[in-house]
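Below is one structure, written out as structure tokens; comments come after it.
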Amino acid sequence: MADHDPGVDDPLGLHGVVPPTITAFHDDESVDYETTAEHARFVVDRGVHGVFPLGTNGEFPLLTGDEREGVVEAVVDEVGDEVPVIAGVGAPSTYETVAHAEHAEFVGADGIVVVTPYYYPLDHDAAVAHYRRVADAVSLPVYVYHIPSKTGNELSLETLADIAQIDTVAGVKDSSKDVPWLAQAIDAHPELTFLVGSDSLLFTGLEIGCSGMVSAVANVFPELVVDCYTAYDEGDEARARELQSRVFEVRDAFKTGGAYMSGVKTALRTREFDAGPLRSPLRRKDDESAAAMREELEGVRGLR
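Residue numbering for the sequence shown follows this note's numbering, beginning at 628 and increasing consecutively.
And the structure:
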């Protein structure tokens, strides 16, 4: 079993299950801040170790700046005294990212998650300068968010090495699904905390040295993912593997009839939690796909 302790440069000691909590909407697609906060409460009450508002599941690229600030405030107010809140602050421009970072610090977030800028290509020097400028603007720990399939910008190991030299960079949330890249990054930077960002790699991430996971499945079934982490943490790898298999089944169910993103909010309804629609052009599953997904979920052992 690999060492999966947080990095020594991480003042929050992030570990365990950190769901990328959802942004709830009213039927007219305006943000429902109360239900957004209630979802953070939903996962915290079921044992997660931290929350990450305004990740991909939080639909952050579809929100205005004011809406993003309101989401962070709502989540911090609800659970900030109980678990670390690491707020997504990334934007295409450094200027906007800095503004979001400063607001997150002002309202009491514990750390910031900075996705690589997206849309425009990013070279080595621009990436390093971006993270340095954001880190210099606040005193919070900075977690690099690497998701090249969505941003179009992949960080090389050499670029990550230079970013890691920035004093307040504390960790990496990796959703590249590139296991060799992640394994080499962990090997090169034991001082950093690494969080695996794909439900397909929860067990694998822990095996190669991640201290925790950012899991979309945990937005709906936090108990399942917490049990997987706990089993691994207690040395019961057989149990952790079995629970990873169940996560695979839930993940596959979420994909029924279309996009994975739609599965999370649709599946939340099976737990009597209505987070409203996704913001257009995203959408929840249609009735036929939702029924098929529910049937698949009913076949997964041990879901609560």
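Ideal placement from N, C-alpha and C gives every residue a C-beta, glycine not left out. Bear in mind the structure is a predicted one, so any value in this text is a computation, not a measurement.
| task | Could you tell me if V635 is buried or exposed, where buried requires 16 or more neighbouring beta carbons within 10 angstroms of its beta carbon? | result | As a working mapping, residue 635 is identified with position 8 in the sequence shown. V635 sits exposed, since fewer than 16 C-beta atoms from the chains shown fall within 10 Å of its C-beta.
| query | Who are the near neighbours of S842 in its chain, counting only those whose CB is closer than 7 Å to its CB and skipping five residues on each side? | reply | Sequence index remark: in the sequence shown, residue 842 carries index 215 (1-based). In the same chain as S842, and ignoring 5 residues on each side of it, the C-beta atoms closer than 7 Å to its own belong to V644, P646, D826, L829 and V852, in chain order.
| With distances taken between CB atoms, is the gap from G685 to T662 smaller than 8 Å? | Locating residue 685 in the sequence shown gives position 58, counting from the first residue. Locating residue 662 in the sequence shown gives position 35, counting from the first residue. Going by C-beta atoms, G685 is not nearer than 8 Å to T662.
| field | G832 - DSSP class collapsed to helix/strand/coil | value | On the sequence shown, residue 832 is found 205 positions in, with the first residue counted as 1. Correct three-state label for G832: helix.
| message | Assuming C798 is part of the beta strand (DSSP E), what are its boundary residues? | response | The residue given as residue 798 occupies position 171 in the sequence shown. It is worth fixing the name first, because residue 798 is Gly in this sequence and not Cys. It spans V796 to D801 - the beta strand (DSSP E) in which G798 sits, taken as one unbroken run.
| Leaving out the 5 sequence neighbours to the left and right, which residues in its chain are closer than 7 Å to A845 when beta-carbon positions are compared? | Taking the first residue of the sequence shown as 1, we reach residue 845 at position 218. Excluding positions up to five away in sequence, the list reads V644, P646, V670, V675 and V852.
| request: Evaluate R695 with the Cβ neighbour count: other Cβ atoms within 10 Å of its Cβ, from every protein chain shown; 16 or more gives buried, anything less gives exposed. | output: The residue given as residue 695 occupies position 68 in the sequence shown. Buried.
| message | So if DSSP puts A731 in a beta bridge, which residue, or which two residues, is it bridged to? | response | Translated into positions along the sequence shown, residue 731 becomes position 104. When beta bridges are read from the DSSP output, A731 appears opposite no residue.
| request: Could you pull the start and end residues of the alpha helix (DSSP H) that H631 belongs to? | output: One-based indexing of the sequence shown puts residue 631 at position 4. From DSSP, H631 is part of no alpha helix (DSSP H); its letter is neither H nor E.
| task | Name, in chain order, the residues that DSSP records as bridge partners for L930. | result | One-based indexing of the sequence shown puts residue 930 at position 303. Paired residues: none, contrary to the question.
| task | Note down the Cα distance separating E705 from D737, rounded to an integer number of angstroms. | result | By one-based count along the sequence shown, residue 705 stands at place 78. By one-based count along the sequence shown, residue 737 stands at place 110. Taking the straight line joining both Cα atoms gives about 13 Å.
| said: Suppose contacts are defined by Cβ-Cβ distances below 8 Å. Is V716 in contact with V734 by that definition? | reply: As a first step, residue 716 is located in the sequence shown; it is residue number 89 there, counting from the start. As a first step, residue 734 is located in the sequence shown; it is residue number 107 there, counting from the start. In this structure, the beta-carbon distance from V716 to V734 does not fall below 8 Å.
| message | Please report the distance separating the alpha-carbon of P775 from that of Y745. | response | Position 148 of the sequence shown, counting from 1, holds the residue named residue 775. Position 118 of the sequence shown, counting from 1, holds the residue named residue 745. Near 9 Å, if we compare the C-alpha coordinates of Y745 and P775.
| task | Tell me whether E925 is buried or exposed, calling it buried when 16 or more other Cβ atoms sit within 10 Å of its Cβ. | result | The residue given as residue 925 occupies position 298 in the sequence shown. Answer is exposed; the Cβ neighbour count stays below 16.
| Any idea what DSSP makes of A714, helix, strand or coil? | Residue numbering aside, residue 714 sits at position 87 when the sequence shown is read from its first letter. Residue state, collapsed to three classes: strand.
| Three-state secondary structure (DSSP) at H676? | Residue mapping note: residue 676 aligns to position 49 of the sequence shown, counting from 1. In the displayed model, H676 falls within coil according to three-state DSSP, outside both helix and strand.
| request: Given a cut-off of 8 Å, decide if A791 and H773 are closer than it, judged by their beta-carbon atoms. | output: By one-based count along the sequence shown, residue 773 stands at place 146. By one-based count along the sequence shown, residue 791 stands at place 164. Taking 8 Å as the cut-off, the Cβ atoms of H773 and A791 do not count as close.
| request: Give me the Cβ distance between S889 and R906, rounded to the nearest whole Å; I'm assuming they're in contact under 8 Å. | output: Translated into the one-based positions of the sequence shown, residue 889 becomes position 262. Translated into the one-based positions of the sequence shown, residue 906 becomes position 279. Not confirmed; about 12 Å, so no contact.
| Cβ shell of G682 (< 6 Å), same chain only, five flanking positions each side left out | Counting from one through the sequence shown, the residue named residue 682 turns up at place 55. So the qualifying residues of the chain are P647 and G715.
| said: So, at 8 Å on beta carbons, what are the nonlocal neighbours of S720 in its own chain, with the 5 sequence-adjacent residues on each side left out? | reply: Taking the first residue of the sequence shown as position 1, residue 720 is located at position 93. Shown here for S720: same chain residues with a beta carbon closer than 8 Å to its own, the five before and five after excluded, namely P744 in chain order.
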